[in-house]
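For reference, the structure is listed below as structure tokens.
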Amino acid sequence: MTTNIDLEAQQIFNNPTSGQSVMENSLHGPIPADAVTSGLRHDVYGAPRSLGQTFGREPQDSTEGRLSIVEQRLDGYKEGYPRLGAFLALDRNNLIFRRFGYLQARVLLNIQDQLREYEEKLVSLEKECEDYGVQSREAGDQHSRKRIELLQKIENKLERYTTSMNNASWFSLREAPSETNFNNIKNYFETYAPIVEKEVYYCHKKDLVTVEPREDTPLDRLISKLLRDNPGSVRKEKTRKYPGMIVMSGWKSTVLRAILLGLSLMILLVAPIIPLYSLSKGEITTVVLVGIMVIQLAFTCLFASCLKFLTRPKRHEIFAGSVAWVSLARRSLSDFTRS
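Just add 20 to wherever you are in the sequence shown, counting from 1, and you've got this note's numbering.
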């Protein structure tokens with residue numbers, strides 16, 4: 021009896037709306053165990069549905085109402101600038117634009133000369149002012165008022181000059197597009213001619229910059245050239261959908277790059293040990309020491325060259341990597357000699 025009362029109380033607590041029916045059933049006799057279990061199961065599994073109804077959202081079938089992935093297609097945009105914009109947005113490496121270096125220089129020169137004129141006027145006004153007018157900012161003579169107005173103009177002009185200078189500095193830090201990305205843009209323009217010839221901008225190659233920072237190395241350019249020249253399945257399906265586009269297979273380029281990097285690292289670590297070990301087995305003479313130094317120098321230069329060719333290191337990184345490689349080679353040689 022106690023168990024039935026506890027189960028009834030729990031059911032009423034979990035589902036208050038069913039409390040009345042439970043009490044009515046309990047008056048007519050004990051509730052069967054299977055009925056209580058069925059009621060509890062209904063309360064447990066019906067909770068998400070009741071919550072959905074509470075917040076005004078009916079539960080939906082798992083196959084209904086799902087949002088599908090939207091695939092961007094160039095033919096979904098009108099020809100001209102809309103389709104050209106869609107093509108540029110298709111790949112971040114296509115975000116190549118002109119920096120207008122000549123116009124930036126002309127604007128800076130123009131503002132600079134205007135500031136020069138303001139500077140001469142300011143010096144002239146300050147010479148004409150009385151000593152008190154120069155010593156006090158709140159002096160009320162005519163020359164002081166002109167000087168204040170001129171300083172306000174200078175302030176506004178300096179803001180424009182600073183903004184233009186910062187813009188020019190930002191563009192100067194942008195890198196030129198890689199040859200692969202430039203050819204991608206060029207092939208698209210030559211194949212589809214999205215805009216009129218007068219407005220084509222890719223022909224200003226020296227004035228182009230890429231928004232995406234370049235991470236390509238000589239090795240990447242070599243891989244891209246091999247993949248581009250290979251007519252097989254090394255390109256994505258998008259290349260066949262849109263002729264003239266060079267869409268490389270990203271994972272194949274990554275795998276090939278990783279294999280070449282791994283092989284180069286193994287060769288550079290193992291190759292110098294063999295001749296150095298052969299020289300160190302015999303008597304250490306002047307000729308042997310010179311041979312060891314030449315081998316270390318040659319492989320150090322080879323390591324630095326591979327580091328420059330396979331990656332995009334800075335000068336201090338090349339120097340640090342070369343020193344670390346020499347230390348590792350000498351440590352390996354000493355371990356072999358002791359053993």
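Backbone N, C-alpha and C fix where the C-beta goes; we use that ideal spot for every residue, glycine too.
For Q124, which residues in the same chain have their Cβ closer than 8 Å to its Cβ, ignoring the five residues on either side in sequence? Position 104 of the sequence shown, counted from the start, is the residue given in the question as residue 124. Result list for Q124: S184, N187, A188 and F191, in chain order.
Proximity to L193 [Cα-Cα], best of T200, L171 and V231: The residue given as residue 193 occupies position 173 in the sequence shown. Taking only the C-alpha atoms, the option nearest L193 is V231.
Between Q132, L283, T305 and I312, which has its C-alpha nearest Y297's C-alpha? Here the question's residue 297 lines up with position 277 in the sequence shown. Among Q132, L283, T305 and I312, the Cα nearest to that of Y297 is on I312.
Contact check, C326 vs S284, beta carbons under 8 Å: Residue mapping note: residue 326 aligns to position 306 of the sequence shown, counting from 1. Residue mapping note: residue 284 aligns to position 264 of the sequence shown, counting from 1. Yes, these two residues count as a Cβ contact at 8 Å.
Taking the C-alpha atoms as reference points, what is the distance between D54 and G96? Taking the first residue of the sequence shown as 1, we reach residue 54 at position 34. Taking the first residue of the sequence shown as 1, we reach residue 96 at position 76. Note on D54: pLDDT 47, under 50, position unreliable in the model; no value is reported.
Exposed or buried, what is R350 when buried is set at 16 or more other beta-carbons lying within 10 Å of its beta-carbon? Translated into the one-based positions of the sequence shown, residue 350 becomes position 330. Under this definition R350 is an exposed residue.
Go through its chain and collect everything with a Cβ distance to L362's Cβ below 6 Å, but skip five positions before and after it. The requested residue 362 does not occur in the structure, where the chain is confined to residues 21 to 359.
Let's see if you can read the secondary structure: which residues bound the alpha helix (DSSP H) around L299? For this step, residue 299 is matched to residue 279 along the sequence shown. Looking at the DSSP string, the run of the alpha helix (DSSP H) that includes L299 is I293 to K301.
How long is the line joining the alpha carbons of K328 and L108, rounded to whole angstroms? Counting from one through the sequence shown, the residue named residue 328 turns up at place 308. Counting from one through the sequence shown, the residue named residue 108 turns up at place 88. Looking at the two C-alpha atoms, the distance is approximately 30 Å.
With F319 as the anchor, note down where its alpha helix (DSSP H) starts and where it stops. Along the sequence shown, one-based indexing puts residue 319 at 299. T306 to L330 is the span of the alpha helix (DSSP H), which, as asked, contains F319.
Proximal residues to K141 (C-beta, below 8 Å), its chain only, five neighbours per side dropped: Within the sequence shown, residue 141 is the residue found at index 121, counting from 1. Taken in chain order, the residues that qualify are L170.
Residues in the same chain with beta-carbon distance under 7 Å from I215, minus the five sequence neighbours each way, listed in chain order, please. Within the sequence shown, residue 215 is the residue found at index 195, counting from 1. Answer for I215: G100, Y101 and L104, listed in chain order.
Classification of S164 by the beta-carbon crowding that lies within 10 angstroms, buried from 16 upward: For the purposes of this step, residue 164 is identified with residue 144 of the sequence shown, where counting begins at 1. When all chains shown are included, S164 counts as buried.
Which of the three DSSP states, helix, strand or coil, is assigned to T230? In the sequence shown, the residue the question calls residue 230 occupies position 210. Residue state, collapsed to three classes: strand.
Using a Cβ-Cβ cutoff of less than 8 Å, which residues in the same chain neighbour L94 once the five nearest sequence positions on both sides are dropped? On the sequence shown, position 74 is the one that residue 94 refers to. Excluding positions up to five away in sequence, the list reads R103, A106, F107, L110 and Y262.
First and last residue of the uninterrupted alpha helix (DSSP H) at R136: The residue labelled residue 136 in the question sits at position 116 within the sequence shown. Counting along the chain, the alpha helix (DSSP H) containing R136 begins and ends at G121 to E148.
Note the first and the last residue of the continuous beta strand (DSSP E) segment covering R118. Taking the first residue of the sequence shown as 1, we reach residue 118 at position 98. From DSSP, the beta strand (DSSP E) with R118 extends over I116 to R118.
Can you check which of these residues, I287, L115, S342 and A344, is closest to P197 by C-alpha distance? Here residue 197 refers to the residue found at position 177 when the sequence shown is read from its first residue. Answer by Cα proximity: L115.
Look at the alpha carbon of V220 and the alpha carbon of F209, and state the distance between them as a whole number of angstroms. Translated into positions along the sequence shown, residue 220 becomes position 200. Translated into positions along the sequence shown, residue 209 becomes position 189. Computed Cα separation, rounded: 8 Å.
Can you find a C-beta in chain D that's less than 8 Å from the C-beta of G100? Of the protein chains in the structure, only one exists, and it is not chain D.
Look at L129 and K177 and say whether their C-beta atoms are less than 8 Å apart. In the sequence shown, the residue the question calls residue 129 occupies position 109. In the sequence shown, the residue the question calls residue 177 occupies position 157. Contact flag unset, no.
Between F323 and S342, how many whole angstroms is the CB-CB distance? I'm expecting something under 8 Å. Along the sequence shown, one-based indexing puts residue 323 at 303. Along the sequence shown, one-based indexing puts residue 342 at 322. Sure, about 6 Å apart at Cβ, within 8 Å.
What residue from R180, L145, N113 and Y138 has the CA that sits closest to N204's CA? Taking the first residue of the sequence shown as position 1, residue 204 is located at position 184. Among R180, L145, N113 and Y138, the Cα nearest to that of N204 is on N113.
Using only CA atoms, which one of A318, E303, P333 and I304 lies nearest to A291? Indexing the sequence shown from 1 puts residue 291 at position 271. Among A318, E303, P333 and I304, the Cα nearest to that of A291 is on A318.
Length of the line joining the Cα atoms of R332 and K147: Along the sequence shown, one-based indexing puts residue 332 at 312. Along the sequence shown, one-based indexing puts residue 147 at 127. For R332 and K147, the distance between alpha carbons rounds to 57 Å.
With a CB to CB cut of under 6 Å and the five nearest residues on each side skipped, what residues in its chain are close to D240? In the sequence shown, residue 240 corresponds to position 220, counting from 1. Nothing meets the Cβ criterion.
So R119 and V229 are in contact, right, with Cβ under 8 Å, and what is the actual spacing, rounded? Position 99 of the sequence shown, counted from the start, is the residue given in the question as residue 119. Position 209 of the sequence shown, counted from the start, is the residue given in the question as residue 229. Their Cβ separation, rounded to whole angstroms, is 5 Å, which keeps R119 and V229 in contact under 8 Å.
On the criterion of 16 or more Cβ atoms from any shown chain inside 10 Å, does Y122 qualify as buried, or is it exposed? Start at 1 with the first residue of the sequence shown, and residue 122 comes out as number 102. Exposed, because fewer than 16 other Cβ atoms sit within 10 Å of the Cβ of Y122.
Determine the DSSP secondary structure at T182, reduced to helix, strand or coil. Residue 182 sits at position 162 when you count from the first residue of the sequence shown. The answer is helix: DSSP assigns T182 an H, G or I state.
Roughly how many whole angstroms lie between the Cα atoms of T182 and D227? The residue given as residue 182 occupies position 162 in the sequence shown. The residue given as residue 227 occupies position 207 in the sequence shown. Distance between the alpha carbons of T182 and D227: 22 Å.
Where do the ends of the alpha helix (DSSP H) carrying P102 lie? Position 82 of the sequence shown holds residue 102. Element bounds for P102: Y101 to L110.
According to DSSP, is Q31 part of a helix, a strand, or is it coil? Here residue 31 corresponds to residue number 11 of the sequence shown, with the count starting at 1. Confidence at Q31 is low in this model, with a pLDDT of 42, below 50, so the placement of that residue should be treated as unreliable; the coordinate-derived value is given next. Correct three-state label for Q31: helix.
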